[in-house]
Amino acid sequence: MFDLSDGRVIDGSHGGDSARFLNHACVPNCEAIETGDRVFIHALAPIAPGDELFIDYGLSVDGVITDDIRAHHTCRCRASGCRRTMLGSNARLASCRCAQTVRCALCLVSHTDTAHADI
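Under the working numbering, think of the first position of the sequence shown as 17, with each following residue one higher.
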């Protein structure tokens with residue numbers, strides 16, 4: 017499922033195209049760009065033929081994020097910048113290990129632990 021900014025949802029499992037095969041990675045090689053009623057997949061880096069395509073799912077959850085929800089959405093992408101969750105920015109903020117005063121400046125802009133290198 018892909019949440020659009022206007023609240024609608026695209027469910028690729030019902031007649032969807034090949035974009036439904038995109039997998040999650042914390043350091044993706046693609047991103048989804050919403051333009052009007054369409055979603056485009058844009059390469060963030062050169063992609064060789066046969067390479068797997070990854071986007072950051074940035075999943076959203078209604079309500080309180082519990083330990084069970086975190087466990088259900090654990091990321092195992094093994095990327096050097098893996099944040100260990102497929103949840104979106106609210107979850108990133110909640111699981112952030114940096115000082116409270118720098119969370120907005122770093123955690124919500126850069127989604128990898130390397131953002132904290134200068135702290």
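From the three backbone atoms N, C-alpha and C, an ideal C-beta is built for every residue, glycine too.
(message) Looking only at its chain, what residues have a beta carbon closer than 6 Å to the beta carbon of Tyr73, apart from the 5 residues adjacent to it on each side?
(response) Counting only residues of its own chain and dropping the five nearest sequence neighbours on each side, Tyr73 has a CB closer than 6 Å to the CB of His40 and Met102.
(request) Evaluate contact between the segment 77-96 and the segment 46-62, counting only Cβ atoms and requiring at least three cross-stretch pairs below 8 Å. (result) The segment 77-96 vs the segment 46-62: no contact.
(request) Please state whether DSSP places Arg86 in a helix, a strand or coil. (result) Shown here, Arg86 sits in a helix according to DSSP, grouped into three states.
(request) Would you list the residues sitting across from Ile49 in a DSSP beta bridge? (result) Bridge pairing for Ile49: Phe56 [DSSP].
(message) Less than 6 Å between C-beta atoms, sequence neighbours within five positions excluded: which residues of the same chain meet that for Ile49?
(response) Phe56 and His58.
(message) If distances are taken between C-alpha atoms only, which option among Pro65, Glu68, Ala64 and Arg86 comes closest to Gly104?
(response) Nearest of Pro65, Glu68, Ala64 and Arg86 to Gly104, Cα basis: Arg86.
(request) Kindly list the residues whose CB is nearer than 7 Å to the CB of Leu75, restricted to its own chain and excluding five residues on each side of it in sequence; keep chain order. (result) Closer than 7 Å at Cβ, skipping near neighbours: His89, Met102, Leu103 and Gly104.
(message) Contact defined as beta carbons within less than 8 Å: I believe Ile63 pairs with Leu38. What is the distance between those atoms, to the nearest angstrom?
(response) That pair is no contact at about 12 Å.
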